[in-house]
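Chains A and B are the protein sequences, given in the same order.
Under the working numbering, the first residue of the first sequence carries the number 20, and numbering increases by one thereafter.
Under the working numbering, the first residue of the second sequence carries the number 20, and numbering increases by one thereafter.
Note sheet for the following structure.
There are 2 protein chains.
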Amino acid sequence: MSTPPDTRAPRTRRADARQNLDALVEAAKAVFAESGVDAPIRSIAERAGVGVGTLYRHFPQRSDLISAVFRREMDACVDAADELAAAHPPGEALDLWVLRYTEFVATKRGLSAALHSGDPAYEPLAGYFSTRLAPAFSNLLEAARAAGERIAPVDPEEFLGAVADLCHSRAGTDRAERMVRLLLAGLRA
Amino acid sequence: MSTPPDTRAPRTRRADARQNLDALVEAAKAVFAESGVDAPIRSIAERAGVGVGTLYRHFPQRSDLISAVFRREMDACVDAADELAAAHPPGEALDLWVLRYTEFVATKRGLSAALHSGDPAYEPLAGYFSTRLAPAFSNLLEAARAAGERIAPVDPEEFLGAVADLCHSRAGTDRAERMVRLLLAGLRA
DNA sequence: ACAGATAGCGGAACGGTGTTCCGGTTAGCC
DNA sequence: GGCTAACCGGAACACCGTTCCGCTATCTGT
Numbered sequence: 020m021s022t023p024p025d026t027r028a029p030r031t032r033r034a035d036a037r038q039n040l041d042a043l044v045e046a047a048k049a050v051f052a053e054s055g056v057d058a059p060i061r062s063i064a065e066r067a068g069v070g071v072g073t074l075y076r077h078f079p080q081r082s083d084l085i086s087a088v089f090r091r092e093m094d095a096c097v098d099a100a101d102e103l104a105a106a107h108p109p110g111e112a113l114d115l116w117v118l119r120y121t122e123f124v125a126t127k128r129g130l131s132a133a134l135h136s137g138d139p140a141y142e143p144l145a146g147y148f149s150t151r152l153a154p155a156f157s158n159l160l161e162a163a164r165a166a167g168e169r170i171a172p173v174d175p176e177e178f179l180g181a182v183a184d185l186c187h188s189r190a191g192t193d194r195a196e197r198m199v200r201l202l203l204a205g206l207r208a
Numbered sequence: 020m021s022t023p024p025d026t027r028a029p030r031t032r033r034a035d036a037r038q039n040l041d042a043l044v045e046a047a048k049a050v051f052a053e054s055g056v057d058a059p060i061r062s063i064a065e066r067a068g069v070g071v072g073t074l075y076r077h078f079p080q081r082s083d084l085i086s087a088v089f090r091r092e093m094d095a096c097v098d099a100a101d102e103l104a105a106a107h108p109p110g111e112a113l114d115l116w117v118l119r120y121t122e123f124v125a126t127k128r129g130l131s132a133a134l135h136s137g138d139p140a141y142e143p144l145a146g147y148f149s150t151r152l153a154p155a156f157s158n159l160l161e162a163a164r165a166a167g168e169r170i171a172p173v174d175p176e177e178f179l180g181a182v183a184d185l186c187h188s189r190a191g192t193d194r195a196e197r198m199v200r201l202l203l204a205g206l207r208a
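Next comes the structure, spelled out in structure tokens:
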């Protein structure tokens, strides 16, 4: 009531704060890649050149940091869907993208576990998953159906979640790819 | 060289030692069931009525304790394969057992993660998995093929691992079951 | 350009957990 | 009954997540 429309920045962030935030995301990305998402908080703060207090101020929950790191990586995968759809026939594009997605998840250890941990703290990440990745996949699915392919009725989100689980194992990507292909075959049965 | 053939017990275990060992496995089973396999070591020792030192003497690695607890649970699942094979036609028995196995893995949170963590400490558990579960499944697969079903060539162990991964998520058993059925459909494509 | 207000920083401190180690205890054997 | 070694318990140490607060650096108004 008392506040105006407040359509714009209710607050102007201090310059050093934003700088530290960027450094933290960058450091977290590197540490996650080499030690997994369970890496010690301190090692991330140290790498970013800040104290743990600063890290906690910007990311109260570990999941917030994980979300920040993975969100941008998801975007690249979403973009690939459009590119593949433009360059290949619908059915082929579908398979190719799922394989591309498989590769993506396989290289991001811990992403799958985080997404489906059931921990409510990961809601934002899961939300982004539903908002961005699932629709991209859904479009490919619909395009394939429109082109005459017989595709079993599945919930896109559920299917992608299953693929992610399949990639969760560290037993090389070979097995994961074979099982994903089996899942794709089931889609056409 | 100096030791004889040592064909039999090189040592006789003290009675209290064996008693404590049993108590520990029993306590671990209960604690794992209610708090997951990552439950504090101390809580297990306490429940068993022994000190942490004793626990570590019997099970130097957490994985040793997990293996001890899950091994016997796997046996029950293996037995179910024979029962189902005796009571149903091959193809049906195959599906039923996979669903039974799905249920088993789903109730044992952490089993799947442990099996496919890649951690060499879980080799013994994985070995038992290969030695007992995989052959049981393989038999059902062969029986179905012998009965004329067209079943894609898959590595039994790999397939069971995939099913376990699918059940890893905490998002209820519904989703897992649907995806497992999709995998089964892929088996027949 | 300067000073006051305050967003933001760093790291010490606390509680909980895994793991090690060793003095004391007890079962098994003579 | 007494000896010996296997065995036990828990104190001690290292590491990690998380909180808290005194100090610093940035922004803003003049």
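For glycine and all other residues, C-beta sits at the position ideal for the given N, C-alpha and C.
{"query": "Can you list, in chain order, the residues of its chain whose CB lies under 7 Å from that of MET198 (chain A), leaving out five sequence neighbours each side?", "result": "LEU185"}
{"query": "Starting from HIS77 (chain B), follow the alpha helix (DSSP H) in both directions and report where the run begins and ends.", "result": "71–77"}
{"query": "Looking at the secondary structure, which residues open and close the alpha helix (DSSP H) in which PRO172 (chain A) lies?", "result": "Segment: none, PRO172 (chain A) is in no alpha helix (DSSP H) and carries neither H nor E."}
{"query": "Let me know the secondary structure DSSP gives ASP193 (chain A) once reduced to three states.", "result": "helix"}
{"query": "If contact is defined by three or more beta carbon pairs under 8 Å, each pair taking one atom from either stretch, is the segment 64–78 of chain A in contact with the segment 127–135 of chain A?", "result": "no"}
{"query": "Determine whether the Cβ of ASN146 (chain B) lies closer than 8 Å to any Cβ atom of chain A.", "result": "What sits at residue 146 (chain B) in the sequence shown is Gly, not Asn. No, no contact with chain A."}
{"query": "Which residues in chain B have a C-beta closer than 7 Å to the C-beta of ALA208 (chain A)? List them in chain order.", "result": "ALA204, GLY205, ARG207, ALA208"}
{"query": "Using the three-state DSSP reduction, which class does CYS186 (chain B) fall into: helix, strand or coil?", "result": "coil"}
{"query": "Can you tell me which of the three DSSP states GLY129 (chain A) falls into?", "result": "coil"}
{"query": "Looking at the unbroken alpha helix (DSSP H) that takes in ARG81 (chain A), where does it start and where does it end?", "result": "81–106"}
{"query": "Using a Cβ cut-off of 8 Å (strictly closer), state whether ARG81 (chain B) contacts chain A.", "result": "no"}
{"query": "Check whether chain B comes within 8 Å of LEU118 (chain A), counting only Cβ atoms and requiring the distance to be less than that.", "result": "no"}
{"query": "Identify each residue in the segment 63–81 of chain A for which the Cβ-Cβ distance to at least one residue of chain B is less than 7 Å, and report them in chain order.", "result": "none"}
{"query": "SER231 (chain B): buried (16+ other C-beta within 10 angstroms of its C-beta) or exposed?", "result": "Lying before the first or after the last residue shown, residue 231 (chain B) is absent from chain B, which here runs from 20 to 208."}
{"query": "Excluding sequence positions up to five away, which residues of its chain have a Cβ less than 8 Å from the Cβ of ALA49 (chain B)?", "result": "ARG66"}
{"query": "Report yes if the C-beta distance between LEU40 (chain A) and ALA100 (chain A) is below 8 Å; otherwise report no.", "result": "no"}
{"query": "Residues of chain B with a CB under 8 Å from the CB of GLU168 (chain A): which are they?", "result": "By Cβ distance, chain B contributes nothing, its closest Cβ being about 14 Å from GLU168 (chain A), past 8 Å."}
{"query": "Is it right to say VAL124 (chain A) is buried, meaning 16 or more other beta carbons lie within 10 angstroms of its own, or is it exposed?", "result": "buried"}
{"query": "Could you tell me whether the Cβ of HIS187 (chain B) comes closer than 8 Å to any Cβ of chain A?", "result": "yes"}
{"query": "Straight-line CA distance for ASP138 (chain A) to LEU144 (chain A)?", "result": "11 Å"}
{"query": "Let me make sure I understand the geometry here. Which of B:VAL173, B:THR192, B:ARG194 has the alpha-carbon closest to that of ARG195 (chain A)?", "result": "Strictly speaking, residue 195 (chain A) in this sequence is Ala, with Arg absent from that position. Checked all of B:VAL173, B:THR192, B:ARG194; the closest Cα to ALA195 (chain A) is B:VAL173."}
{"query": "What's the C-alpha gap between GLY167 (chain A) and ALA34 (chain A)?", "result": "55 Å"}
{"query": "Have a look at TYR120 (chain B) and CYS96 (chain B) and give me their C-alpha separation to the nearest angstrom.", "result": "7 Å"}
{"query": "Measure from the C-beta of ARG128 (chain B) to each C-beta in chain A and report whether the shortest distance is under 8 Å.", "result": "no"}
{"query": "Less than 8 Å between the beta carbons of LEU43 (chain B) and ILE63 (chain B), yes or no?", "result": "yes"}
{"query": "Could you spell out the range, first to last residue, of the alpha helix (DSSP H) harbouring GLY146 (chain A)?", "result": "142–147"}
{"query": "What is the DSSP secondary structure of PRO59 (chain B), counted as helix, strand or coil?", "result": "coil"}
{"query": "Do you know how far the Cα of ALA171 (chain A) is from the Cα of ASP83 (chain B)?", "result": "43 Å"}
{"query": "Does any residue of chain A bring its CB to less than 8 Å from the CB of ARG151 (chain B)?", "result": "no"}
{"query": "On the CB-based measure, 16 or more other CB atoms within 10 Å of its CB, does ALA36 (chain A) come out buried or exposed?", "result": "exposed"}
{"query": "Determine the DSSP secondary structure at GLY110 (chain B), reduced to helix, strand or coil.", "result": "helix"}
{"query": "With a threshold of 8 Å between beta carbons, is LEU201 (chain B) in contact with chain A?", "result": "yes"}
{"query": "Just the C-alpha distance for ALA112 (chain B) and ARG207 (chain A), rounded to the nearest angstrom, thanks.", "result": "23 Å"}
{"query": "Whose CA, out of B:MET93, B:TYR147, B:LYS127, B:ALA140, lies closest to the CA of ALA52 (chain B)?", "result": "B:LYS127"}
{"query": "Is there a Cβ from chain A that is less than 8 Å from the Cβ of MET93 (chain B)?", "result": "no"}
{"query": "Can you tell me which of B:ALA165, B:ARG164, B:GLY180 puts its alpha carbon nearest to the alpha carbon of ALA153 (chain B)?", "result": "B:GLY180"}
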